[in-house]
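Chains as they are written, first to last, in this note's numbering: chain C, 2 to 290; chain Z, 12 to 105.
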């Protein structure tokens, strides 16, 4: 059996998820979140994808819950706590936090197993964004969510998705945050038959070009290109994708690619730093103290 | 013929719905088809698959709907090199 995977105390970005690559992918999987004080949406979906991937491989997966009540309350509010308990992935299922924590306008973490659920996520996403006064973001955020999740579904993988708004009163970036994770084959495995033996980060980067796809149909290969356009259309918006040992960060029209830890899943995290209505300021961000 | 996307049952449309719509499309000898986009948020993959499927049966696809709803639909057609066969309808009264 491998030892527990120990994260940094704050899982704010995709780059903070490198510790999950230490999983030997044999024997039990244990992730120790005891000392974690911050988990952003990318961390939520990545932790769940790691557990689901292990479970699908016939391994026992277990997460030791954080001791910080603010993080526990966040897990409760976002639906992560229930997902851990329902799947038997929680080490201490009695450790539910009081529901004093508030996070406004979120779509609870969803395991998406078919396209009907993906469209259902769109309806929830619309509700959350309208409630936050951000109806203008419905189309670009649905573009990002549906294309990233749809690609996972096409390759036969369940995926996890979560969306939330932050006020950023004490920390975090004001705006909307969306994360999607799946344990499909990943960009490099899919695209190398088409692109050749490129490094994984270059495979991810090339996937944003028009018409680049592993599929033969003439209508494929345009989704990620329009994801990039959606990100570029909103000032300050960012998209990070880690897959198969590569990490790509898209800011506006600028795309940076680098080698990264070889995670057993693909994770994408989009941030739209739009100002929230004044009425939102002062309510909970994730997690807030 | 006019294809009203909101009649397909959901506000949000993925490529899965494009396949469903194309399979259920009735026989039609007309040279072009109008697609009403109102009350629908379509993903780029949905639009791409819908366009290719419709252009196998029709010479042209006319996009109906408010200008902001058409914007993504027009961009997807242009990026696929289909801008001459997938066109936005002129605004009413214009």
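For each residue, glycine too, the CB sits at the ideal point set by N, CA and C.
Examine chain A for any beta-carbon lying closer than 9 Å to the beta-carbon of residue i, and answer yes or no.
i	result
residue 215/C	Any reference to chain A falls outside this structure, whose protein chains are C and Z.
Start and end of the alpha helix (DSSP H) containing residue i?
i	result
residue 77/C	70-79
residue 247/C	Element bounds for residue 247/C: not the alpha helix (DSSP H) but the beta strand (DSSP E), 247-252.
residue 65/Z	55-66
residue 16/Z	Careful: residue 16/Z lies outside any alpha helix (DSSP H) and carries neither H nor E.
residue 77/Z	From DSSP, residue 77/Z is part of no alpha helix (DSSP H); its letter is neither H nor E.
residue 122/C	116-132
Given a cut-off of 9 Å on the beta-carbon distance, is the pair residue i and residue j in contact?
i	j	result
residue 63/Z	residue 74/Z	no
residue 187/Z	residue 266/C	Outside the displayed span of chain Z (12 to 105) sits residue 187/Z, for which this structure offers no information.
residue 59/Z	residue 82/C	no
residue 43/Z	residue 70/Z	yes
residue 93/Z	residue 48/Z	no
residue 65/C	residue 107/C	no
residue 57/Z	residue 122/C	no
residue 113/C	residue 162/C	yes
residue 215/C	residue 194/C	yes
residue 140/C	residue 25/Z	no
residue 37/C	residue 5/C	no
residue 41/C	residue 244/C	no
residue 83/Z	residue 227/C	yes
residue 90/Z	residue 75/C	no
residue 258/C	residue 268/C	no
residue 184/C	residue 159/C	yes
residue 90/C	residue 50/C	no
residue 254/C	residue 237/C	no
residue 13/C	residue 39/C	yes
residue 16/C	residue 241/C	yes
residue 46/Z	residue 14/Z	yes
residue 28/Z	residue 20/C	no
residue 26/C	residue 58/C	yes
residue 133/C	residue 166/C	yes
residue 32/Z	residue 61/Z	yes
residue 33/C	residue 7/C	yes
What is the C-beta distance between residue i and residue j, in whole angstroms, given that I count them as a contact (C-beta under 8 Å)?
i	j	result
residue 146/C	residue 130/C	In fact, because the Cβ distance is near 11 Å, the residues do not count as touching under 8 Å.
residue 135/C	residue 177/C	6 Å
residue 235/C	residue 273/C	5 Å
residue 22/C	residue 264/C	5 Å
residue 247/C	residue 204/C	7 Å
residue 55/C	residue 30/C	4 Å
Would you give the residue range spanned by the beta strand (DSSP E) that residue i belongs to?
i	result
residue 136/C	Note, residue 136/C: premise wrong, no beta strand (DSSP E); not H, not E.
residue 109/C	107-113
residue 268/C	267-273
Under three-state DSSP, which class holds residue i?
i	result
residue 257/C	strand
residue 161/C	strand
residue 34/Z	helix
residue 144/C	helix
residue 101/Z	coil
residue 39/C	strand
residue 50/Z	coil
residue 85/Z	helix
residue 16/C	helix
residue 33/C	strand
residue 87/C	helix
residue 66/C	coil
residue 47/C	helix
residue 149/C	helix
residue 24/Z	strand
residue 21/C	helix
residue 101/C	Any reading at residue 101/C must be qualified, since the residue scores a pLDDT of 47, below 50, and its modelled position is unreliable; the value itself is stated next. Residue 101/C falls in the coil class under three-state DSSP.
residue 53/C	helix
residue 58/C	coil
residue 93/C	coil
residue 41/Z	coil
residue 243/C	strand
residue 155/C	helix
residue 276/C	coil
residue 288/C	Note that residue 288/C has pLDDT 43, beneath the 50 cutoff, so the model's placement of it is unreliable and the number below is only indicative. Here residue 288/C sits in coil by DSSP.
Consider the C-beta atom of residue i and the heavy atoms of the ligand ADP; say whether any pair is separated by less than 8 Å.
i	result
residue 46/C	In the structure on display, the ligand ADP does not appear, and there are no ligands present to speak of.
Please give me, in chain order, every unbroken run of the alpha helix (DSSP H) with length at least 4 that falls completely inside the region 166-240 of chain C. For the region 166-240 of chain C, whole alpha helix (DSSP H) runs of length 4 or above, ordered along the chain, are 188-196, 201-207 and 224-233.
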